[in-house]
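Taking it in order: structure first as structure tokens, then the write-up.
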Amino acid sequence: MKKSLHILTSLSLAGLIVGTGLQTASAATTNNTTLEASASEAITNLNTQLNQQLPDQKQLNQSVDQEIQNQVQRDKDVAAALKALEDNKEQSVYNGECYGMTAWYVDHLKGPTLMGSGHEFAQDIGQDYDWAAAGWTVTEYPNISDIKPGDVICWQAGGKLSPGIYGHTGVVKSIDAQGNMVTYEQNSEAGRIIHEYNRTFNDTKIKSVIHKN
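Following this line, the structure appears as structure tokens:
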């Protein structure tokens, strides 16, 4: 009888151990399944976020590419307009005035129409037209670092280069860090023709420079 009870007790303990083991294994399986589901959901959410961001990144890349193309085209246009001035050196364009040469140059870059506008003060060219609408930027009383090759330059009246009331205007061919410039001007020391001059930043107060964007 004692032997039978011992066998039954052993079997019960074995069953309990097996049952507990099965429950533990089942719980572990459930936990693993939950972790896998959570990981899968996290990956899905991440992919969704990345897919949502991809169009924005693509649009940004397209915008940057377009800006680069615009800048390249701008540089080509300015180079062509400067070459036109170079090719017409020692000749007169439009009315032979400094204003006329700047108007001629701006026409080559499809800017505002200066000739026949009713404005005649060279120093005020930067203020008399809607340059922004035409894709240009006006910088009044610029620093040396603001002046770039291809810019229209307008000197204030009453200075060394502009002794009268109208001021003076030209186009910057080149400039260095010290403000030494090479310019194209008309109706200056060489007369009513396009001529190349060496100028410095401090020769006469610069009222504005106008930059093709």
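Going by mature numbering (1 follows the signal peptide of the UniProt record, and there is no 0), the letters in the sequence shown line up with residues -27 to -1, 1 to 186, in that order.
A virtual CB, placed ideally from N, CA and C, is assigned to each residue, including glycine.
Label residue i either buried or exposed according to how many other C-beta atoms from any shown protein chain fall within 10 Å of its C-beta, with 16 as the threshold for buried.
{"i": "residue 87", "result": "buried"}
{"i": "residue 41", "result": "exposed"}
{"i": "residue 62", "result": "exposed"}
{"i": "residue 54", "result": "buried"}
{"i": "residue 44", "result": "exposed"}
{"i": "residue 39", "result": "exposed"}
{"i": "residue 16", "result": "exposed"}
{"i": "residue 177", "result": "buried"}
{"i": "residue 102", "result": "buried"}
{"i": "residue 78", "result": "buried"}
{"i": "residue 83", "result": "exposed"}
For the candidate residues the options, whose alpha-carbon lies nearest to that of residue i?
{"i": "residue 130", "options": "123, 115, 37 and 139", "result": "139"}
{"i": "residue 171", "options": "117, 148 and 102", "result": "148"}
{"i": "residue 169", "options": "24, 59, 66 and 21", "result": "59"}
{"i": "residue 137", "options": "17, 94 and 20", "result": "94"}
{"i": "residue 108", "options": "19, 47 and 153", "result": "47"}
{"i": "residue 150", "options": "25, 120, 134 and 176", "result": "120"}
{"i": "residue 173", "options": "30, 104, 133 and 112", "result": "133"}
Any idea what DSSP makes of residue i, helix, strand or coil?
{"i": "residue 88", "result": "coil"}
{"i": "residue 64", "result": "coil"}
{"i": "residue 179", "result": "strand"}
{"i": "residue 99", "result": "helix"}
{"i": "residue 169", "result": "strand"}
{"i": "residue 121", "result": "coil"}
{"i": "residue 159", "result": "strand"}
{"i": "residue 34", "result": "helix"}
{"i": "residue 153", "result": "strand"}
{"i": "residue 56", "result": "helix"}
{"i": "residue 133", "result": "coil"}
Between which two residues does the beta strand (DSSP E) carrying residue i extend?
{"i": "residue 110", "result": "109 to 113"}
{"i": "residue 73", "result": "First-last for residue 73: 71 to 81, but that is the alpha helix (DSSP H), not the beta strand (DSSP E)."}
{"i": "residue 138", "result": "Where residue 138 is concerned, there is no enclosing beta strand (DSSP E), given that its DSSP letter is neither H nor E."}
Which same chain residues, not among the five before or five after residue i, have their C-beta less than 8 angstroms away from its C-beta?
{"i": "residue 13", "result": "none"}
{"i": "residue 167", "result": "58, 61, 62, 63, 64, 65, 66, 74, 157, 158 and 159"}
{"i": "residue 98", "result": "72, 75, 87, 92, 125, 127, 142, 181 and 183"}
{"i": "residue 122", "result": "51, 55, 145, 146, 147 and 148"}
{"i": "residue 175", "result": "152"}
{"i": "residue 213", "result": "The structure shown does not extend to residue 213, since the chain is modelled only from -27 to 186, so the question has no answer here."}
Please work out which residues of its chain come closer than 7 angstroms, Cβ to Cβ, to residue i, disregarding the five sequence neighbours upstream and downstream, and give them in chain order.
{"i": "residue 69", "result": "159, 160 and 165"}
{"i": "residue 57", "result": "81"}
{"i": "residue 106", "result": "none"}
Excluding the 5 residues preceding and the 5 following residue i in the sequence, name in chain order all residues of the same chain whose CB lies nearer than 6 angstroms to its CB.
{"i": "residue 90", "result": "none"}
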